[in-house]
Each structure stands twice: as C-alpha cells, then as structure tokens.
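Right, one structure below, let's go through it.
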Amino acid sequence: MEKVDYSKYAVVMKGITKRFPGVLANDHVDLFVKKGEIHAIVGENGAGKTTLMSQLYGLIRPDEGKIYINGVEKQIRNPNDAIEAKIGMVHQHFMLVDRLSVVENIVLGQEPVKGPFFDLGRARKEIRELSKKFGLLVDPDAIIEDLPVGMQQRVEIIKVLYRGAEILILDEPTAVLTPQETNELFEILKNLQKQGRTIILITHKLNEVMAITESVTVMRLGKVTGVVKTAETNPNQLANMMVGREVLLTVEKEKAHPGEEILQVKNLVVKENRGIEAVKGLSLSVKKGEIVGIAGVAGNGQTELTEAITGLRRVESGKIIFKGEDITNYSPKRRREMGMGHIPEDRLKHGLIKLFPVYYNFILGEHDNSKFSDGIFLKIEEIKRFSEELVKRFDVRPPKIDLLGMNLSGGNQQKVIVAREIAFNPMLMVVSQPTRGLDVGAIEFIHKTLISMRDKGIGILLVSMELEEIFSLSDRILAIYEGRIMGETTPDKTTPEEVGLMMAGHKLEDIRQEA
Amino acid sequence: MNIKKYLLNEKVIISLFSVLISLVIAAIVMIVIGKNPLVAYAALFYGAFGTKEAIIDNIMKASPLILTGLAVGFGFRAGLFNIGANGQVIIGALLSAYVGTLVGAYPFFLSIPLVMIAGMLGGAAWAAIAGWLKAYRGAHEVITTIMLNYVATFIANYVVNGPFQAPGGVPKSPSIAYSAQFPNIMSVGATSLSTIIFVSLAAIVVIYVIIQRTTIGYEVKAVGFNPYAAEYGGISIGKNVVLAMAISGALAGLAGTTQVVGVYGRYFGALSGSMGFDGITIALIGQNDPIGIALAAFLISSIRTGSNQMQIAGVPKDLVVIIQGIIIFLVAANRIIKTIRIRKRKEAEA
Amino acid sequence: MRKFLIAFLVSILALATVGLPLTVFFVTDTGGLGDKSFNDSAWAGVQMAVNKYGITANVIQSYEQADYVPNLTAAAQVADVVVAVGFMMQDAVAKVAPQFPNVKFITIDFSVDAPNVESFLFAENQGAYLAGYLAAAMSKTGKVGFVGGIPIPPVERYQYGYEAGIQTYNVLNGANVQVLSGYVGSFDDPAAGKAMTNSQFSEGADIVFAAAGLSGLGTIEAAKDAGPGHFAIGVDQDQDYLAPGYVLTSAMKRVDVAVFDGIKSVIDGTFKAGTVTLTLKDNGVGISPMTYTKQLVPASVMHQLDVLKQAVISGKIVVPATEKELQSFQVPPIQF
Amino acid sequence: MNEWIQAILNVFTNPTFYKSTLTQSTPLILAAMGGVFSETTGVTNIALEGIMLMGAFGGVMGSYFTGNPWYGLALGTFFGLAMAALHAWASIKYGADQIISGTALILLAQGITGFALVELFGQPGSTDLVRSIPLVDLGSFKDVPFFGQIFGNLSPFVYMAFASVIFGWILIYKTKLGLRMRSVGNNPEAADTLGINVYNVRYFGVIMSGLFAALGGAYLSIGELGQFTTNMTNGRGFIALAAMIIGNWNPVGAMSASLLFGGATAFNNQLQSQSVLNLSTNTQYIFGMIPYIITLIVVAGFIGKSRAPSADGIPYIKE
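Residue numbers (the working numbering), protein chains in the order written: chain A, 1 to 515; chain B, 516 to 865; chain C, 866 to 1201; chain D, 1202 to 1520.
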C-alpha cells in the first residue's frame, strides 16, 4: 500500500464504514482534505455525505475506519472531541435554540463565567469582536426565532468560529440562500480560507463547487466514486460520477396549450405561525394545461401560499378563485371535492400517514367518497382493489398494499402521494417541492408525470426551491420574495441570474431597466 | 386471524412481560416482608376464580373496566390521553340516575335505552369540554381532564347531598325506576350476574368496528397518527378531537351507567372508584386494541377481586396498586423490556 | 391444579378456624383501618373480644365500594360473625345478610332489617351537645369553631348537636358565644384541616371541634401550634392523648363497645336482631374523661355538664340532629 | 349583600388570611418549582403528586426512626430523588412516554406509601405522631401588629419555598447550567451538537424536580403536622402542575400562580369562618371547585397564553 504523509492534511478519514439497519451508509470511504483548502463533497441525496461528516464531527461513530487530524489519529466520540480537535460544523438544518438569543446560542457549551454566573457581558463583547474580524455582522441580543434565515446561518458560522474551529464543515449551506446571499457566503468562506481555515463543503450544486473549491470528493451510494482537483474537471464529469450515468438536465416536453384560467389569487395576505404576515398581497393565476413555477428561496411565503390555496391556512384578506368560484373560506375537503389536488412540500408531515397501510394512504382525502364508503362503513375490498391498481400503474415498490407508509422509501412514498392525487382527476394541482430528497430515477418519473398531467389539461402550480427544476418544467415563472411576486417571465426569455435577482428582492422591471 | 402471529406480536409480548415482571417484583416484596408469595398468589387465584361468587364478581368488576379501558384506549387511538374517565363515569352515572328516576311510567324497552343514552351523553359532554378546550383553545387534555375530575366529584357530592338526595340523609340518589334496571342473569347468594356484561361485550364489538371499518375510525386514527396529514386530507382536526373525546367519554359514561342500572340501582357514593385510572392500565396492557382491552380488563378485575382474598392471607391491599403501577411503568418504558429481550437474545447467541 | 389450589386454600383458612370458639370477620368501608374513627374503633372492639374470649378475628379492607358485596360474602362464608361498618355499606349488607341466615351480622352506623342483623346507631348529637356546652363555657373569646370533613349525616349530627350545646349555654347563662362552622371537603387532608382551624382561630375562636376524620388531626395540631388558651375537641375516639393539654375533650362514639357487646351477645347466646341506638344513657356516646384537661375546667361547669347529661338521658332535652331540628330547638328551663 | 362586603373586608384585613396564603402556597410553590426544573429541560413530570407523597412519607419515617425531623427531611428528599430518578431513567434513557410513566409513578407512590404504612407502622391510615421541623420564631417581631402575626412564626419550609424560587430563577436564567437546561428543553439536538450532554442535563432537571416536590410533600407531613396520613397530598401535585403551566414554566410565574391557588384556599377557609355569613354546609362543594375551575379557565388561554418549552415531553433519542 502506498504510504501517504498524513501531516499535510487537515483531515484524513480512512476506510470509514457505517451501517444503519438495512443500509450501508458509508462503505470504506476515504477522504483527504489538505490544510487551508476548500474541499467539496458532492453527491446526490442519500449518497452518504452527511453521514460521513457527522462521523467527523462525532455525532455518530463509525463502525470501522480511522480519522486523522493534522496527521494525528484522533478518537472522535462526541462533538466535544471534535470541538477539541478544532472541528466545527454548520448543519443543513440549523442547530439553533430558537427561543434563546444570539449570544446565548453562540456561547452555549463554552460559556464564559464570572464566579457562579454566566457572564453575558463578556460573551457579548467576544462575539462583537468575532463578527467584526470576519465581517459577520449580527445583533447579539436578537432572539433567534425573530431572525431571517441568512442571519441565522451567520450565527451558526460565528458559533463555530467562537469555538476556535480550524476546520469548518458546512452541510448544504446554500440551500436556503438567495444567489446574492450565496455570493456573500462565498466571500465569507474565502475570507476564512485566507485566515488559514480549512473548509469542507457538502453540496450537490455543481456550479458552486466549480466556483469556490480547490478539490472535490464525489460520493455515490455510500462509496467514493472520484477525487479530483476542481481545476481539472467540469460539471458534466462530476455529474457523471455522482449519478453513474449521463444526466438529463432538461425534461423533454411539447409546447403548452394553455386553456382558460382555472385559479386566480387576488391580493392574498396570509400570516405564518407566529402571526407575522408571510404572504403580503400576492396575486397570480394558473390556466388549464400550463405549469406555473414559483421560484424562491425557502421561507419567503411559499409554504403559506400553498397552504392558503389548499385551505390548510387561514386567509387574512384577499381572494382565491377556483373554477370561477370564490373558495377563500372553503374547507380543504370542499376544495378537494371541487377538483384541487395537492402534492405537499413535506410528504411525511402532510402527505402521508406513516402508521397507515399503503391502501389507507391511497384514499387519504377521499375516504368518504362514495366509491370508498357508504357514509358510515369503509368499503375495504374496493379500497384494496383500487390500491392494487395504483401500485401497478405507478410501479410502487415493494408492491404490497398492506405495508405501513413508514416502510416505503422516500421515492415510493412520493409515488404513493402523486398517484393518489392524480387518481382523482384533479383540474388543478398544487405541487410543492415534488422531488426533494429523491434519487434521480424518481425525479425523472415525477417530472414526466407532471408534464403528462399538464398535457392532459390540468393546471399546475409548482413551487420549488430548485431553480433548475423551475426552469425545466415551467411554462411561466414567477419569482417570490418576502411574500410578494417580484415579476413574471418565461424560461426562454430569462436567465437563472435574472430570476436569482428577483428571488433576492429585485423587481423584474428594475432589473431590466438597469440592464 | 392468525393466532400465532397475534401472540408473537411485539406489543403482546411487551404486555405479557410487563405483567409478569410486576408480579415477580411483588413476589420479592412479599418475601421481604416475610410472606410466602406462593400462598398469596394462590389466594389471589382462589379469590378470583375459586368460587362461583368469585367468578361472577370478577365478571361484574370487569364489565365497567372494559368500558373505561375502551374509553382510554379510544382516546389513545386519536392521540389523546383521557385521564378523566373518572369524572366522565361520575357525570354519566349521575345523569343516567336522574333520568332513571323519571322513566317509571315507561316500559323497559323505552326506559332502558333512555337511561343508557342519558349516561352516554353525560360522559360524552363532560369529555367534550376537554376535547373542545384542546381543539380550539390548545389546552392539554391531561390537565383539563384532571381538573374536570375534581369538578365532577364536587358536583356529585353537592347533588347527592342536596337537590338529588334520597330521603334519610345518606349521600345517595333516590332509587331509579324498576323498569330502568337491568335484569340479572343469575344470582349466587348476594352476588348477581347482571346483564350489563352484554353492554360491555357489545361495546367491544362496536368500538372494534368503528375503529377498523368506519370513516369515523379512519378519521380519528388519521388525526391521532398525524394531524397535519389528516388536515391535508380534508379531515377536520378540531371536529375529530372533540368527537374522539366525546366517544371516549360516552364509553366512560356508559361504565357509570352500568353501575347505576345493573349494580346499585341508584347513584351512590364514590361510584367511580378507581375505574378511570384502571382504564389507563387496561388500555395500555391491551395496547388500545378492543380485544386486548377486554382481556386486560379481566386481568385487572381478577387481580382486584383476588386481592381481597390475598388480604386475608396477610398481604396488604396496597400491593395491588404497586403491581398496577409497575405494569404501567413498564408498558410506558417498553424499551426497557425490548432491551432486556435483546440482551437475552445476544447472550443466547454468544 | 385448580382443585389442588382450592383445597390448599380452604385448608389454610379452615386450619385457622378449627377448634376455636368463634370466628369474627370485620369488613371495613373504603375509609379503611387507620381512619382514627369508626373503622379503627370497631377494630378495637373486635380486639377487645379477642383478648377476652380468645376468638379468632380477621379484617378485610374494601378497596372500593364495589367490593362491599364480595367482601361481605367472602367473610360470611368463613365467619360466624361479620362486622360491617359505615353507612355506605347499608345496601350491601341488606343483600348479603339474608343469604347467610346462620351468620350473625353486626352493623355500625346503619340499620338493616333482617333476622340475623343487629344494627348499632349512635346519637352523635348527644355527645356533641355536651362538647358544645363545654366549649362555650370554656371559651375566653366568646367564639368557638366547628370543622367538618364532608357534610354527611353522622358529621352533621355532630355539628348540630354541638351548635345546640352552645345555644344552650347562651340561653342558660345569658351569654352570646358564637360558632364558626366550616368544611374542608375531605376526610383525609390534615393540612387542610389545620388551615381551616387556623382561620377560625384568627377569627377569634379559641376552641374548635373537628368532626373530620384524619383531617381533624390538623385541628389538633393547630391548637398545639397556637399555644395555651387554644383547644381542639376530638371526635369518635378519645383523642385527648394526641396532644395532651390541647385537646379539651373528645366527643366519643363507642363503636368499640357496640362491637364488643355485639360479639359478646353472640357468645352468650343473647344475640338479638334489630336496631339499637346508643345514646348518652347507655354510655354509647359521650365526652371523654378529659384525662389531661380536667383540672382546667371549673367544678361548676363539670356540675352543669352532669345536670345536662341527666336532662338528655331523662328526655327533658331532645338534642337536635339536623339543621331543621336545630332551628326549632328550644332550650328548656334547667336549674343547675 | 352588605354582610358579604363586610365578610370579604374582614378576610382581607385579617393577617391570618395572608399567613394562611403563605402556608397553603408553600407545598404548591415547592412542587411547582420541581415541575419547572424538570420541564425546562424538556421532561414532562406529572408525577409530582406521587413524588410529594413519597416525600411526605419519607419525612415522617426518618423522623420516626431517628427522632430528628431533619433526618426525616433528608429521607423524604431522598425518596423524592429516587422517584424522580426512576422517572428520569424511564423517560430519558428509555424514551418512555413521560405522561404515562408519570401516571405509573403516582400509582406506585400511592401503593408504596400505603403498603409501607402497614408494614412499618403496623397500621394503615396514619402514622404515629413524630417530631416535626420547628417553626422559625422571630422573637419580639411577633408582637409587631399585623406583620408580626403573618411572619412571626412561620415554618422554615415557607422560607425554603421562596428561596427555591430565587434559586431556581438565578440558576435557570443566570448561570451556564441554566442556559444549558433551557437549550436542552427547547432543542436538544442543537445542544448535543455543541457537546452538551443532553441526557445528563435532563437527569439533573428531573432529579431536581424530585428534590423540590419531595420538600413540598415533606412540608405537609413534618412541616405542618408531624404525621403522615394516606394520600395526604390530596391533589396538590396536580395543582402545582397547573401553577407551573399558568406561570409559563417560569419560577416567578409558577410562584405567583401557586400564591393565587393558596390564596383561594385561604380565602375559602376564612370566608367560611365568617359568622355573619352563616353559610349552608353545602356551599363547601361550590367553594371547593374554585381552584380547579380557575385552572381550566387559565389553561384554556382565556387569561394570557403560556408556552411550554419546545421539546417538552419529547424523548431525545440519538440516531
């Protein structure tokens, strides 16, 4: 075996293997990260990137393999060991205590004390110094739940720096950011790099990889499928390594033939859970046979918008008109009966009942349809027959209808939801994040299904955080920012940059005027 | 149904283990205080099954326990912890006793259903308060039902010491009309086997069907498993929380009613006893399954019935409460038992 | 297996009974032993009989009221005499007793009409009457208190007898002693009893009579805390010893004597079915001998109590037992 | 009507009403503080009632066997700690349903105290009288009108109760341990990633709840009476739980709500003791309901809204 000098490397992970019940999450993974570089780990969802980093950070322990930090073998049994080894991690889902202040979150676990008491003054001072040094401005006394996502991410980064981290792991840091915020983040990262920090970036966005990293480790299905220098590769090659075949970057589709307007939203105002307005006087319309894509960064009112349209959230003011009827105050049930389908953003929260068998999940929302019940009793035989049919038609695996929802894979769960929503012949489909967390095969399937629905004349409102998805599916694109539509365009008349600017709060007119 | 599969079901094993472990712990306690557990358990068994009276008594005790067990279990199905069955028993019993005193002029086929409906409505309404507070005011049902238990007790005490008191100054209601009383199947000595057991058996079937076969059951379960998805599916959470509490309360109210129409013939003293709390034990042991609940109710009633005989053998009655506490504890922390089993399996493999 | 078990058990139980003159089973109500009230007192009576006659005795405590019938039945199956205590058991005894014509039942606080049941009732109001008079006579503040558990008939008899005693004192001595009455709502919450008593002390009462089961222990504790000049009055049993010098007296109800006499009558063969109301006359109720407080009570008051006692016994005074009777109660002219 | 005004005025000008409010609130404050400690770290503890009962029993047992009530206090708290540890063990290590585990512990406490009463003291119902913790006598301050009557002669438990509130408030809001408790109660995963041992912090919170609730129980037995009687806590644990919720999981709030409940009871006692009113015996039942109905109204959010720690009641299970 080749002898490698580990001391050049900030991080070496050697032969890391981690098994979860039924899954081999990491299969003898090797990772070499040089001191002072920005190193990307790319791969599809489920490739094992986060699992690998969680082991580096001590959140879970490897079944096999060794970890060397700066050439020295380290036992990292828990985050404390990681922090001691000067490793810090910014998680994809922020690890912030939302009711505590910024200061309290940052110093948590390493609190400065004065006698028996927690020294808030000193903590505040230290944080001010840190944020000045790295250009990460944030109000130390703000309560986390009141801060926007971008700010929260800064808190996360300061948190890591406060612990003196030399090695920073960032897990999908741009997922919740606008392109502009992303650029700011990259500036910060480069600045950190200049000050001698090593950065490991988990992502699946190849343009980001190309933009700021020095080297890349590609993972697929728990294994490393390639290690390359960024300068010596290109997105297509990386994509190939990621998915193991040529990827279809665009979806094949005919030109749309929109019909009459089926959904109109007028001056809609909706509040989010904490009582703050999340949708602020938004208007839009969807015609039969077209896909209207809503582009936006997470947390700009998309969730509230779709929930209001489907009846899951109260409307403060404004109108929702469906098939010419004002449905603003209709129950979700009534909307369903009128022909509104909904593929929800969070399939485990809204779309599926994990503890119900598949055949019960197939009738969710239609259980009192006369096809499945006589008003009191369920027609179990009929429900099962219907479910068998759908399982076959949508190729749900394993094809067992009495399996519990929780025992299906994410892709198959999504298939169940899509199948169910299509099966009731909706006229409008509100689709939110339909491919989040799915593998390429499933994504392709869902995309094709959506296109074929459109071609059958169904109106589709598509909300997605993936700009690529919006571009490849939509007939019209609307960009949303802080609960307002910033502009409308079509994929062939715009660029991702332009939409990105809208997503960051610039009005389309203003952008085009400036240009 | 595949019986073998049913018996090997993890939940069933957890219940059985919990009961077993608690009996073993109780046996150790008995040894510590110098009593022979074999003698005590033999007495327990004899007290529960040794005589005709014991068996009848056992069935009579199990009848309301099946109902409170179903009540708590149905609540659990909807994701609700109805710790207030006691209060619902009381209100149901009071109302049925009141109606029972009014229906003397009617034939039994009218008065009996009237009284039963009154009792169920009473329990249902009382529970629905907690349901409404949960669904529309966000108040946790554990707190509200505990509070409602106290309020119900005070109401009952007030009523049977005042406006609804039988002559003679004893805190009990007047006797209900003869036509509203359930007939006995048989009597051995002073112990009578009343037809109320059929009410409980019927309730098992009805609840089983509701849970497994009806849209109500579908909706209630959906709300219990995942309220967000239920709402997404057009199922009203608020309505179903109130409905589930009301059904749960109706069962508890029915338990109270059976005591009025089949045992005492009136509202009488601390009629609810510990039925409500026992219902929790029973629902947990029965794993919220109607048939499991029926079996668990018989288990608890056997322990309760037998414990009187155990007292005579010199073991304080409080031991039964300890046994129940341990069972609930172990079912709650079912991972303790799972861990023990896994450890054993590993040892066996090693 | 089952047959073996039954045989085994029956033999255990039989072994315990063979060769002894009499087996007595005592079935408590849900209050159970340790209530410092009629259950304890009844058990004391059973023990007296055990000591005197060498009978064998056992107790079954009822966990809930649904246990009454089964427990009475179980007891009647093996015993010669069954003692049942507490008026909540009335219906149950009425059901069980006729099934066991050869077993004698002794009931306390309620009566059942059956050829094998001897029932003992108590005129609690008569004992409380004397206690009330004594309290009024001893009060320095002109206010006395009453703390009840839950307003059930025996407790109410104590209350109205007590209030009648105070009224008597006022009328005969031209005084105006007031009574403060309160209920704590529970028989087993001594802390609540103590708080209620303290409230009454603060409103000027200096002697408080508690007819509140275990809650009444709080009253005694409160008197002790409040220091000299404050007294509690005990109930049911002689509770004077619980805080010597602070319990003025106890309004007693000799459940023990009743039970003992009942058992004795069975042994003597003089058992007679029917209802006996024990009164001052037969020392079934009364006030305690005041072992620790006698010296504090003026001889004149002692004398007056004696006179009143005789008047009650002779029927000259009919002590009220209910609120209604109290309202129409007229104190007859008494010469001390 | 006039006599009512007169009576109510009497109540509020009587120092005993205030003293009684303090003594009635003491067990509630202590137990509610227990609840605050446990739930701040994210573990629901409805077993307060049972822990109080064990504390009450241990207090008398220790005092009985050693003759020293302070040893009783020590034993009572030890019992409380043991109960809480059991709850912690099941709900933290084994991810048990915390409400059900709490229910089980209440039953266990009732069973154990009832059983031990018979086995150790030879009789059910109540124990013998034992020495209780002496009152704090403020000497000549007692003679100060009004205030002397309120504060002149209080049980040390009353001081302990208020001290526990100050202690709890400082610990939870002013120390690093408190910060960790709050973080664990709101987002255990986040705390975990910062190397905070979620389990240990939760064990600490739950076990502290055992300490305080047991003190509350011990007050009833060796603070007030010198005796243990069956089920002497009589629902106070549940009232304390309600006080904690009404007090928004905050020590000071919980204390205020406890004082409200204690005051309601004291008011009830004092009002019944007003001879001018001449209340019927049956009114007791109406008065008795008041604290429970207040609780219902408050938890229903008709008076202010309270908000539990985000992760309250949710077991934290790694991986």
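Ideal placement from N, C-alpha and C gives every residue a C-beta, glycine not left out. The structure presented is a predicted model; accordingly, all values stated were derived computationally and were not measured.
Can you name the start and end residues of the beta strand (DSSP E) that residue i belongs to?
i: T203/A; result: T198 to T203
i: G43/A; result: I38 to G43
i: T489/A; result: R484 to T489
i: A25/A; result: V23 to K34
i: Y743/B; result: Segment P742 to Y747 is the alpha helix (DSSP H) holding Y743/B; no beta strand (DSSP E) there.
i: E260/A; result: Run containing E260/A: none; DSSP gives neither H nor E here.
i: T972/C; result: K969 to I973
Taking 8 Å as the CB-CB limit, is residue i close to chain D?
i: V714/B; result: no
i: V176/A; result: no
i: P79/A; result: yes
i: L595/B; result: no
i: S927/C; result: no
i: E1205/C; result: Examination of residue 1205/C is not possible in this model, given that chain C is present from 866 through 1201 alone.
i: M210/A; result: no
i: S1064/C; result: yes
Determine, for residue i, whether the minimum Cβ-Cβ distance to residues of chain A falls below 8 Å.
i: S1341/D; result: no
i: T854/B; result: no
i: T1394/D; result: yes
i: A1275/D; result: no
Pick helix, strand or coil for residue i, following the three-state DSSP scheme.
i: D905/C; result: helix
i: T706/B; result: strand
i: N105/A; result: helix
i: V297/A; result: coil
i: H933/B; result: Here chain B has residues from 516 to 865 only, and residue 933/B is not among them.
i: N1218/C; result: Here chain C has residues from 866 to 1201 only, and residue 1218/C is not among them.
i: E246/A; result: Per-residue confidence for E246/A stands at a pLDDT of 49, beneath the threshold of 50, marking its modelled position as unreliable; no derived number is given.
i: L1143/C; result: strand
i: T729/B; result: strand
Could one say the Cβ of residue i lies closer than 8 Å to chain B's Cβ atoms, at least one of them?
i: Q1311/D; result: yes
i: L1442/D; result: yes
i: L880/C; result: Any reading at L880/C must be qualified, since the residue scores a pLDDT of 48, below 50, and its modelled position is unreliable; no value is offered.
i: F377/A; result: yes
i: E246/A; result: Residue placement at E246/A is poorly supported in this model, since its pLDDT is 49, which falls under 50; the coordinates still yield a value, given next. No - not a single Cβ of chain B is within 8 Å of the one on E246/A.
Check whether chain C comes within 8 Å of residue i, counting only Cβ atoms and requiring the distance to be less than that.
i: Q603/B; result: no
i: I827/B; result: yes
Just to confirm the assignment, what range does the alpha helix (DSSP H) spanning residue i have?
i: S537/B; result: E525 to V547
i: S1179/C; result: A1164 to S1179
i: R19/A; result: Here R19/A belongs to no alpha helix (DSSP H); instead the beta strand (DSSP E) covers Y9 to F20.
Within 8 Å, do at least three Cβ pairs link the region 917-926 of chain C to the region 1346-1356 of chain D?
By the criterion of at least three beta-carbon pairs nearer than 8 Å, the region 1346-1356 of chain D is not in contact with the region 917-926 of chain C.
Please confirm if the region 102-118 of chain A is in contact with the region 174-183 of chain A, defined as three or more CB-CB distances below 8 Å between the two stretches.
Because the criterion of three Cβ pairs below 8 Å is not met, the region 102-118 of chain A and the region 174-183 of chain A do not touch.
Can you give, in chain order, each stretch of the alpha helix (DSSP H) that sits fully within the region 560-624 of chain B and has at least 4 residues?
Correct list: 567-592 and 600-617.
Going along the chain, which unbroken runs of the alpha helix (DSSP H) with 4 or more residues stay wholly within the region 71-123 of chain A?
Unbroken alpha helix (DSSP H) stretches of 4 residues or longer found wholly inside the region 71-123 of chain A: 79-84 and 102-107, given in chain order.
Whether or not the region 317-335 of chain A and the region 699-706 of chain B are in contact is what I'm after, with contact meaning three or more pairs of Cβ atoms, one per stretch, closer than 8 Å; do they touch?
Note that the region 699-706 of chain B does not touch the region 317-335 of chain A; fewer than 3 beta-carbon pairs, one per stretch, sit closer than 8 Å.
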